[in-house]
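33 is the number of the first residue of the sequence shown in our numbering; add one for each residue after it. One structure is given here, and the rest of the page talks about it.
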Amino acid sequence: MEEFRVPVVDGLVLSAFRRGRLTPDHAEARAGGVYLNEEGKRTLLGLLEERFLQESTHPLGFRKPYQELIEVQAHRLKAAILGRERYTPFYLRQR
């Protein structure tokens, strides 16, 4: 999962704040921290669902939506653990 944290989650959250889709009104301070309120959670989950449908290019050259790339990587990791193939991590290519 860590391979997808930056391109899927971190990038999404930063973009949502930059574009005003998430604002400080979507959060609340409590228990010594800052947490999303219910509206913020709904907003972020909706954006995350949209992000999972966006395509990206795997380092091996094929394109798939993020939701499928995560599944592909899980299968590739299993195969590597079982000694069936070499593992190729997912990373964003430099443009």
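Built from N, CA and C at the ideal position, the CB exists for glycine as well. Source: prediction; values computed, not measured.
Start and end residues, alpha helix (DSSP H) containing residue i
i   : result
Y67 : Taken as a continuous stretch (DSSP letters only), Y67 belongs to no alpha helix (DSSP H), being part of the beta strand (DSSP E) at G65 to L68.
G43 : G43 to R50
Expected contact under 8 Å - CB spacing of residue i and residue j to nearest Å
i    : j    : result
Y119 : A112 : 4 Å
Reduced DSSP category for residue i - H, G, I as helix; E, B as strand; rest coil
i   : result
R37 : helix
P91 : coil
P56 : helix
Residue i versus residue j: straight-line alpha-carbon distance, rounded
i   : j   : result
V66 : R83 : 24 Å
G93 : E60 : 42 Å
S47 : H58 : 15 Å
Counted within 10 angstroms of its Cβ, other Cβ atoms place residue i as buried (16 or more) or exposed
i    : result
R108 : buried
L101 : buried
Residue interval of the beta strand (DSSP E) (run including residue i)
i   : result
E60 : A59 to R62
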